[in-house]
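Student: Handing you a structure now.
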Amino acid sequence: MTVAVEMIPLMGVVLGSPSMKDLLSSDSPMNYFLTARGGSTLNVVVSVGIAIAIINAVIAIILQIARLLFSSARDRSWPDPVDKVLGSVHPTLHSPVAATLVVGAIAAVTAAFVPLNWLITATGANGVIVYLVVALAALRLRRKGGATSRGYRMRWWPLAPVVVIAICGYIIYSMITPSTWTQLAVAVVTMAIGVVYYLAYLHPRRGDRWTLPDPIHEDEIDEAGKTTAA
């Protein structure tokens with residue numbers, strides 16, 4: 004559905020544009036197409052709808068990141084005073100107020116002081132690095148003699164991680180330019196800081212911090228609970 008929703012309108016714009024030259028040279032191709040085919044009123048209506056969709060998406064992303072930050076504090080990923088604040092919830096609404104305010108403040112400061120074009124590219128670079136690390140982790144997890152999969156499976160392994168690594172490698176190679184290398188460097192440095200933090204703080208305390216549920220163990224607990232209830 005996602006592919007269809009994205010590709011069908013795009014193909015419609017490409018095939019229905021009165022002039023491919025004007026479409027490709029326009030600063031806003033979609034606005035050019037709407038104005039040329041439907042007039043200024045249609046362009047305004049669709050633009051307002053897009054603006055509302057963007058606002059809704061930003062709200063959803065802020066809530067998602069806030070809950071990730073809250074979850075990290077709940078799993079004791081930070082020093083105890085930080086965990087206590089970020090892991091707290093509203094007594095009535097049961098929402099992670101502190102974590103949401105922190106994420107909102109960081110987003111506001113970033114939007115105010117970081118150029119939009121730079122921020123867009125940096126966000127994309129961060130996504131590429133994250134996907135690359137996940138693909139590498141999938142290869143490491145399932146290697147011969149490595150750690151067990153702990154209940155997680157991947158059909159046609161290692162095809163998916165190999166394809167992802169190849170695509171991410173090409174994107175990273177394309178981003179090594181005078182105008183975009185800083186965004187890529189920020190993404191790499193951010194990931195490196197996370198690795199250092201994990202090795203220096205979390206790993207030595209891995210017995211009671213940042214513990215993830217074991218799917219196999221969870222199944223055993225469920226079965227035990229069912230047996231006890233019976």
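Everything in the sequence shown is counted per the numbering used here, starting at 4 for the first residue and increasing by one. We treat Cβ as the ideally placed atom computed from N, Cα and C, and that holds for glycine.
Between D225 and V117, what straight-line distance do the alpha-carbon atoms span, to the nearest angstrom?
Tutor: For D225, the pLDDT reaches just 49, beneath the cut-off of 50, and the residue's location in the model is therefore unreliable, although a value from the coordinates is still provided. For D225 and V117, the distance between alpha carbons rounds to 48 Å.
Student: I'd like the ranges of any alpha helix (DSSP H) spanning at least 4 consecutive residues and lying wholly in the region 98–182.
Tutor: 100–116, 119–144 and 162–178
Student: Under DSSP, the alpha helix (DSSP H) around V92 begins and ends at which residues?
Tutor: Premise fails: V92 is in no alpha helix (DSSP H) and is neither H nor E.
Student: Can you give me the C-alpha to C-alpha distance between P161 and N46, rounded to a whole angstrom?
Tutor: 46 Å
Student: To the nearest angstrom, how far is it from the Cα of V8 to the Cα of G127?
Tutor: 21 Å
Student: Please return the same chain residues whose Cβ sits closer than 6 Å to the Cβ of Y201, not counting the five positions on each side in sequence.
Tutor: none
Student: W81: buried (16+ other C-beta within 10 angstroms of its C-beta) or exposed?
Tutor: buried
Student: Spatial neighbours of T230 within its chain, please: CB distance less than 7 Å, with the 5 preceding and 5 following residues excluded, ordered by chain position.
Tutor: In this prediction, T230 scores a pLDDT of 44, lower than 50, which makes its location untrustworthy; no coordinate-derived value is stated.
Student: Starting from A69 and walking both ways along the alpha helix (DSSP H), at which residues does that stretch end?
Tutor: P32 to R77
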